[in-house]
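J.:
Residue numbers (full-length UniProt numbering): 1 to 638.
(1) Closer than 7 Å by C-beta to residue 111: which residues in its own chain qualify, once you throw out the five before and the five after it? Chain order, please.
(2) Any idea which residues DSSP pairs residue 591 with across the strands?
(3) So, at 7 Å on beta carbons, what are the nonlocal neighbours of residue 82 in its own chain, with the 5 sequence-adjacent residues on each side left out?
(4) Looking at residue 460 and residue 517, is the spacing between their C-beta atoms short of 7 Å?
(5) Taking C-alpha atoms, which residue in 203, 274 and 285 lies nearest to residue 232?
(6) Any idea if residue 211 is buried or exposed, counting beta-carbon neighbours within 10 angstroms, 16 or more meaning buried?
(7) Is DSSP giving residue 404 helix, strand or coil here?
(8) Is residue 545 closer than 7 Å to residue 555 when the C-beta atoms are compared?
(9) Spatial neighbours of residue 633 within its chain, please: C-beta separation below 6 Å, excluding the five flanking residues on both sides.
(10) Could you say if the segment 283-294 and the segment 313-320 meet the contact criterion of at least three C-beta pairs nearer than 8 Å?
(11) Going by other Cβ atoms of all chains shown within 10 Å of its Cβ, with 16 needed for buried, is residue 353 buried or exposed?
(12) Contact between the segment 101-116 and the segment 315-325 is defined here as three or more beta-carbon pairs at a separation below 8 Å; is this criterion met?
(13) Drop a sphere of 10 angstroms on the beta-carbon of residue 170, count the other beta-carbons inside from all chains shown, and report buried for 16 or more, exposed for fewer.
(14) Are the Cβ atoms of residue 375 and residue 397 separated by less than 7 Å?
(15) Determine the extent of the alpha helix (DSSP H) in which residue 20 is found, giving its start and end residues.
(16) Rounding to the nearest angstrom, what Cα-Cα distance links residue 146 and residue 221 in this structure?
(17) Enumerate in chain order the residues of its own chain whose CB-to-CB distance from residue 572 is below 6 Å, with the five nearest sequence positions on each side excluded.
(18) How would you label residue 587, buried or exposed, when you count the other beta carbons within 10 angstroms and need 16 or more for buried?
(19) By alpha-carbon positions, which one of 165, 388, 358 and 522 ends up nearest to residue 638?
(20) Could you tell me the distance, in whole angstroms, from the CA atom of residue 125 to the CA atom of residue 84?
(21) What distance in whole Å lies between the Cβ atoms of residue 473 and residue 332, which are believed to be in contact at a cut-off of 8 Å?
(22) What does the Cβ neighbour count give for residue 245, buried or exposed, with the cut at 16 atoms within 10 Å?
(23) Output needed for residue 176: all residues of its chain with C-beta closer than 8 Å, excluding positions within five of it in sequence on either side, in chain order.
(24) Run the CB neighbour count on residue 18, radius 10 Å, all protein chains shown included, and call it buried at 16 or more, exposed below.
(25) Expressed to the nearest angstrom, what Euclidean distance is found between the alpha-carbon atoms of residue 481 and residue 534?
(26) Which residues share a DSSP beta bridge with residue 436?
(27) Find out if the Cβ-Cβ distance for the pair residue 218, residue 235 is shorter than 7 Å.
(28) Would you kindly check if the distance between the Cβ of residue 141 and the Cβ of residue 388 is under 7 Å?
(29) Ignoring anything shorter than 3 residues, give me the beta strand (DSSP E) runs that lie fully in the segment 298-386, in order along the chain.
(30) Once DSSP output is grouped into helix, strand and coil, what is the label at residue 116?
(31) Within its chain, find whatever has a CB closer than 6 Å to the CB of residue 20; leave out the 5 residues flanking it on each side and keep chain order.
(32) How about residue 63 and residue 501: do their beta carbons lie closer than 7 Å?
(33) Buried or exposed: residue 303, going by 16 or more other Cβ atoms within 10 Å of its Cβ?
(34) How many angstroms separate the CA atom of residue 609 from the CA atom of residue 569?
(35) Of the residues 144, 79 and 359, which one's Cα is nearest the Cα of residue 391?
(36) Let me confirm a value: residue 578 is counted as buried when at least 16 other C-beta atoms fall within 10 Å, else exposed. Which label applies?
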């Protein structure tokens, strides 16, 4: 039993490799009664240390033993997919979707993955003529990845340090270099440390990116195991001096200290930096961002690359080729394995994402593409037959005499399939039951276009539509009805385009149904503003709270006669007088913020109620206390 408790403690601390050792001992011994939880922790330890195939049998045992964790089937499906067991993975995903999980991100991710698995034979049919070669002399039993060619050297990331990373049991990673051989696939004898100035023995370092002139390098450093979840990864910058030495790295200000930032890449002209991050505001897990670098080396505020590129899954390892095409790895776009390599192209404002196909991609992780020329380059993979965990592979199709397509496109064998997109929906009262509302004015407004693309009154069943939509565009649905608060609903076509691999007919019509709920105007009616949080004992408006307050600003602008009381409430864990004071300051800060956005101050009253209006009278859990710590607005006149 002690070894089990030790394994659980190590799991909670993010020491997954040590947890696996002790949990395995506990599984082989006696005294553990919760077999489902034991196997689930083993499976999670393998998953969280990126060993999905090894996780599969333990997820299976945990599910068979009745584990109540709702995400177990989704994770089991990904583990089965990593083993190439596609039909079994689809069964698990369908069962997971049927449970209607509360996480919208996970539900959308599972649905997309299920569609991918249904089309896996079509994805597998895309084949490229060349065969990648494992650079055996370079690769080790550990991990080698993120290859970059700089001059006559190959720079790469490798787990060769003395200290062991407790997450996966491998040596910590660093940056290494080696002279390129005449035949690149024969490169590999005696790699050297890239720079003694860029070497921290107690942290993982990797994924280098070089500016166009080769004198600026951005790389990732962190994951020393001191913080669970690997959130302590930041981007660092180093410059090459006149004496050909790399400077001491400095952390980039654009890095988010609370998030994982990694796998940077410069554009071909060196003016844009791309990187991956799981910072607040992502579409799903890890997203791709871009930032511009000016002549003095300063970076602009990072911008999320949007839903055409980013999915509810993870997008990582960007690379921009000379022709401007963006290559990246993803587990959210339709692929064969956990991570597949994709290419994104833009044509007439529309972004298309294409799987590179076999043999670049496999049921395993395939990532970190770097092109030396249009048809030759490097990438990393942990596919079967390798020398270690992640290995570096080389491919060259320039000498082939067979008829072949370019790396990133399949020759057309038929006319391109067309999809027409539409929007429609219903307008109902936000009450129980939700009664449909007629005579509501609905306008569909495309961003940047003054004239609505559609405008109508809802009929007797409260329906509107359907109106045509354009790929990649953003829309606002504006709904008005006398006696109800005017409502704006945002809708985006980013990320909603159907991947061509799923299209079976020459023409396909797809209609997105968007229900709109209107709130009836009633004097004294109170609305809770969700996700308005403050730092402990403070009342300054945080960025996440500002985002929510902006929604109230929109309501007040759309309803110009509305006057409200904005109130703040606390939980009971402080003195009454202190809570009244704190809540009054928070309510006033919120009102001041709204006034700064152009709303007249006389339309609002700030009121702090402290702990006098509890929703949960005898709160015990943190969730119950959070329900009491809320921000509301109440209609005073309209």
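Where a beta carbon is used, it is the ideal one built from N, C-alpha and C, also for glycine.
T.: With the structure as the only source:
(1) Residues 97 of the same chain have their beta carbon placed closer than 7 Å to that of residue 111, with the five preceding and five following residues left out of the count.
(2) Partner(s): none; residue 591 has no beta bridge.
(3) Result list for residue 82: 52, 53, 337, 338, 363 and 364, in chain order.
(4) In this structure, residue 517 sits away from residue 460, with a CB-CB distance that is not shorter than 7 Å.
(5) Put simply, of 203, 274 and 285 the residue whose alpha carbon is nearest the alpha carbon of residue 232 is 203.
(6) By the neighbour-count definition (other C-beta atoms within 10 Å, threshold 16), residue 211 is a buried residue.
(7) Any reading at residue 404 needs caution, since the residue's pLDDT is 49, under 50, leaving its predicted position unreliable; the model's value is listed next. Coil.
(8) Taking 7 Å as the cut-off, the Cβ atoms of residue 555 and residue 545 do not count as close.
(9) Excluding sequence neighbours, residue 633 sits near 527, 564 and 566.
(10) Flag = yes, the segment 283-294 and the segment 313-320 touch.
(11) Buried, since its Cβ has 16 or more Cβ neighbours within 10 Å.
(12) The answer is no - the segment 315-325 does not touch the segment 101-116, with fewer than three Cβ pairs under 8 Å.
(13) Residue 170 comes out buried.
(14) The Cβ atoms of residue 375 and residue 397 sit closer than 7 Å to each other.
(15) Residue range 16-28 is occupied by the alpha helix (DSSP H) that includes residue 20.
(16) If I take the Cα positions, the gap works out to 14 Å.
(17) Same-chain partners within the cutoff: 611.
(18) By the 16-neighbour rule on beta-carbons within 10 angstroms, residue 587 is buried.
(19) Residue 522 is the option with its Cα nearest to residue 638.
(20) Rounded to whole angstroms, residue 125 to residue 84 spans 15 Å at the Cα level.
(21) Contact flag wrong, Cβ pair sits at about 21 Å.
(22) Classification of residue 245: exposed, given that the 10 Å Cβ count is below 16.
(23) Once the five neighbours on either side are set aside, the close Cβ partners of residue 176 are 155, 156, 157, 158, 160, 191, 192, 193 and 194.
(24) So residue 18 ends up on the buried side.
(25) Near 35 Å, if we compare the C-alpha coordinates of residue 534 and residue 481.
(26) Bridge partners of residue 436: 428.
(27) Contact flag set, yes.
(28) Result yes, Cβ atoms of residue 388 and residue 141 sit closer than 7 Å.
(29) Runs found: 315-320, 326-330, 340-347, 350-355, 366-373 and 376-381.
(30) Helix.
(31) Excluding residues up to 5 positions away in sequence, 45 lie with their Cβ nearer than 6 Å to the Cβ of residue 20 in the same chain.
(32) Not closer than 7 Å, so no.
(33) It counts as exposed.
(34) Between residue 609 and residue 569, the C-alpha separation is close to 5 Å.
(35) Taking residue 391 as reference, the option from 144, 79 and 359 with the minimal CA-CA separation is 144.
(36) Residue 578 should be labelled exposed.
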